[in-house]
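See structure below.
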Amino acid sequence: MRRIGLYGGTFDPPHLGHTEMLLQAKKQLDLDMVIVLPCGDPVHKSDVTNKQQRYEMCKIAFADADGIFVSDYEIEKPEKSYSLYTLRHFAEIYADSELYFIIGSDSLEDFPKWHKPEEIAQLCTLTIAPRASHKFNKAKDFAEKTYGANVVVLKDEPLNISSTELRYLTQFGLDIDGYVTPEVKEFIGKKGLYRDLGEICQKVKGYLSHGRYLHTFYTTLEGMKLAKKLGVDVKKAFYACLLHDVAKYIDQKDWWQYGFVNNGEYPPPVVHAFLGALVVQKDFGITDKEIINAIKYHTTGRPNMSDLEKIVYVADIIEITRGSALDEVRKKVYANFDEGFLACLKSSYNYAARRVGVENVHKLTKDAIKSYRKLAREKNEKRKIDQ
Numbered sequence: 016m017r018r019i020g021l022y023g024g025t026f027d028p029p030h031l032g033h034t035e036m037l038l039q040a041k042k043q044l045d046l047d048m049v050i051v052l053p054c055g056d057p058v059h060k061s062d063v064t065n066k067q068q069r070y071e072m073c074k075i076a077f078a079d080a081d082g083i084f085v086s087d088y089e090i091e092k093p094e095k096s097y098s099l100y101t102l103r104h105f106a107e108i109y110a111d112s113e114l115y116f117i118i119g120s121d122s123l124e125d126f127p128k129w130h131k132p133e134e135i136a137q138l139c140t141l142t143i144a145p146r147a148s149h150k151f152n153k154a155k156d157f158a159e160k161t162y163g164a165n166v167v168v169l170k171d172e173p174l175n176i177s178s179t180e181l182r183y184l185t186q187f188g189l190d191i192d193g194y195v196t197p198e199v200k201e202f203i204g205k206k207g208l209y210r211d212l213g214e215i216c217q218k219v220k221g222y223l224s225h226g227r228y229l230h231t232f233y234t235t236l237e238g239m240k241l242a243k244k245l246g247v248d249v250k251k252a253f254y255a256c257l258l259h260d261v262a263k264y265i266d267q268k269d270w271w272q273y274g275f276v277n278n279g280e281y282p283p284p285v286v287h288a289f290l291g292a293l294v295v296q297k298d299f300g301i302t303d304k305e306i307i308n309a310i311k312y313h314t315t316g317r318p319n320m321s322d323l324e325k326i327v328y329v330a331d332i333i334e335i336t337r338g339s340a341l342d343e344v345r346k347k348v349y350a351n352f353d354e355g356f357l358a359c360l361k362s363s364y365n366y367a368a369r370r371v372g373v374e375n376v377h378k379l380t381k382d383a384i385k386s387y388r389k390l391a392r393e394k395n396e397k398r399k400i401d402q
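Throughout, my numbering is defined as the position within the sequence shown, counted from one, plus 15.
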């Protein structure tokens with residue numbers, strides 16, 4: 016009996032992590048072939064690149080990968096794509112074969128929300144590609160016990176890159192060599208893909224050092240990821256994170272242009288945040304108060320912060336280039352955002368206290384710590400009562 020892998024996705028764009036993972040799956044599971052299925056009209060995603068361009072990129076990306084073939088089945092379907100319908104189609108074509116449906120470990124957590132997961136589980140073996148530091152044992156057990164799914168896990172994590180990250184690397188004008196094939200990179204350049212935000216990104220670049228620009232890039236990625244998780248406007252998170260440090264290197268002699276005066280109430284580490292709230296209005300035309308406040312309070316914090324303010328505050332602290340010392344804080348943020356936010360607030364307060372002395376920590380930071388500690392205590396007490 017033949018073994019056939021099926022791997023669907025947006026592929027916006029396809030990258031070397033995809034190829035590496037599929038070749039590993041083919042070898043580990045002794046698959047006769049893997050069929051790549053770029054989706055036409057994704058059910059859960061509305062803002063994607065033209066389906067034909069994504070299909071063409073897939074053909075280019077997997078052209079030299081032995082035993083990997085690209086299908087236009089989902090591209091050509093007039094209706095929205097569901098995994099169930101795709102599996103039914105290929106189960107009929109390859110009736111004498113075993114189907115291995117390859118998904119990321121993050122998708123396994125959403126499996127109960129899929130269209131008829133119980134039928135999907137009977138049509139294929141769910142094949143899980145683990146994501147970096149992502150735990151999915153509970154989701155695996157649930158799929159096996161609830162739906163009778165046969166679940167296998169690939170041994171190695173693929174190249175740690177995402178299509179989202181590649182799109183924004185391109186938007187920021189940063190290098191994607193080593194993440195996509197040269198041919199895919201050339202296609203992206205020729206078609207002008209992922210350039211709609213390039214102008215503002217390049218303008219921001221003019222305000223920052225290279226290192227600070229990279230920090231801004233990773234803060235923006237982190238902020239958008241958190242916004243999506245928490246149901247906050249992702250576009251607002253993008254602009255707030257992108258612009259959060261634009262005033263970092265503005266010389267004091269130029270502050271007057273923005274109507275900014277500092278009579279000692281803003282210590283050096285927080286000046287750029289309050290100045291930045293004015294800079295983004297004058298130089299970038301930002302009028303959204305929520306975005307402006309997220310920039311204004313991203314260093315000090317304050318009591319009663321909006322979700323967007325918290326997201327920018329947290330993303331600035333935990334973005335990946337900040338180092339492994341913050342790994343535990345990162346875990347807290349994604350396990351329980353409120354607890355993770357408080358951990359970030361404490362970390363920032365302790366850092367400021369060491370740097371300038373407790374007496375010189377900004378009043379807003381002290382007020383924020385006091386306010387959110389009290390809120391955490393009240394929640395804990397309520398939890399005990401409810402138990």
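Heads up, the beta-carbon is just placed ideally off N, CA and C, and yes, glycines get one too.
Check each candidate in the options and name the one with the smallest Cα separation from residue i.
i      : options                        : result
Gln186 : Lys263, Leu114, Tyr233         : Tyr233
Ser86  : Pro132, Asn278, Thr315, Val51  : Val51
His287 : Ile307, Ser386, Asp303, Ala350 : Ile307
Arg146 : Ser122, Val376, His130         : Ser122
Leu423 : Lys160, Pro132, Tyr115, Ala154 : Because the chain spans 16 through 402 in this model, residue 423 falls outside it and cannot be assessed.
Glu475 : Val373, Pro28, Lys250, Pro93   : Lying outside 16 to 402, the shown extent of the chain, residue 475 is not represented and no answer is given.
Lys170 : Lys42, Ile400, Asp303          : Lys42
Gly300 : Lys378, Lys150, Val219, Arg370 : Val219
Gln296 : Ile335, Asn277, Val276, Ala255 : Ala255
Tyr349 : Ala330, Thr336, Ser362         : Ala330
Cys54  : Glu89, Ala78, Gly226           : Glu89
Tyr366 : Thr380, Gly355, Asp353         : Thr380
Thr336 : Met16, Phe77, Asp266, Leu229   : Leu229
Val166 : Lys128, Glu124, Pro283, Asp192 : Glu124
His149 : Lys66, Tyr100, Val168, Gln137  : Val168
Asn351 : Gly338, Ala391, Ser339, Met320 : Ala391
His130 : Gly119, Tyr100, Ser112, Lys153 : Tyr100
Ala80  : Ser98, Leu341, Thr34           : Thr34
Gln272 : Tyr328, Gly291, Asp62          : Gly291
Cys73  : Thr235, Asn175, Ala164, Lys200 : Lys200
Phe151 : Gln137, Leu174, Pro132, Gly119 : Gly119
Asn319 : Leu102, Asp353, Asn395         : Asp353
Is the separation between the beta-carbon of residue i and that of residue j shorter than 9 Å?
i      : j      : result
Leu241 : Ile332 : no
Ile143 : Tyr162 : no
Leu31  : Thr196 : yes
Ser178 : Thr315 : no
Leu223 : Tyr264 : yes
Leu257 : Thr231 : yes
Ala110 : Cys139 : no
Gln217 : Gly246 : no
His259 : His225 : no
Ala309 : Tyr328 : yes
Glu113 : Arg17  : yes
Val276 : His377 : no
Using DSSP's beta-bridge definition, name the partner residues of residue i.
i      : result
Arg17  : Ser112
Asp87  : In the DSSP output, where bridge partners are listed per residue, Asp87 has none listed.
Leu192 : Reading off the sequence shown, one finds Asp at residue 192, where the question assumed Leu. Paired residues: Val195.
Gly207 : None, per the DSSP bridge assignment.
Ile117 : Tyr22, Thr142
If residue i and residue j are in contact, beta carbons under 8 Å, what's the gap, nearest whole angstrom?
i      : j      : result
Tyr22  : Ile117 : 4 Å
Asp47  : Ile19  : 6 Å
Ala252 : Leu323 : 6 Å
Val344 : Ala358 : 5 Å
Glu393 : Phe202 : Contact doesn't hold; Cβ gap of about 55 Å is too wide.
Ile75  : Glu198 : 5 Å
Arg182 : Asp27  : 7 Å
Gln68  : Lys206 : 6 Å
Glu334 : Glu237 : 5 Å
Ile83  : Leu37  : 6 Å
What residue range is occupied by the uninterrupted alpha helix (DSSP H) comprising residue i?
i      : result
Leu293 : 283 to 299
Pro53  : Counting along the chain, Pro53 falls outside any alpha helix (DSSP H), though it belongs to the beta strand (DSSP E) covering 48 to 53.
Ile39  : For clarity, residue 39 is Gln in the given sequence; the question names Ile instead. Segment 31 to 43, the alpha helix (DSSP H) holding Gln39.
Gly238 : 225 to 245
Gly274 : Element bounds for Gly274: n/a, residue is neither H nor E.
Ala158 : 152 to 162
Ala367 : 352 to 371
Asn395 : 378 to 401
Leu181 : 178 to 186
Met72  : 66 to 76
Leu323 : 322 to 333
Asn308 : 304 to 311
Arg213 : It is worth fixing the name first, because residue 213 is Gly in this sequence and not Arg. Taken as a continuous stretch (DSSP letters only), the alpha helix (DSSP H) holding Gly213 covers 213 to 220.
Leu257 : 249 to 257
In the DSSP assignment, find the unbroken beta strand (DSSP E) run with residue i in it and report its ends.
i      : result
Tyr143 : Note on residue identity: the sequence assigns Ile, not Tyr, to residue 143. First-last of the beta strand (DSSP E) with Ile143: 140 to 144.
Asn165 : 165 to 168
With a threshold of 8 Å (Cβ to nearest heavy atom), would residue i be considered close to the ligand ZN?
i      : result
Asp269 : Within the structure as shown, the ligand ZN is missing, as the structure has no ligands at all.
Could you tell me whether the Cβ of residue i comes closer than 9 Å to any Cβ of chain B?
i      : result
Leu236 : This model lacks chain B altogether, as it is built from one protein chain only.
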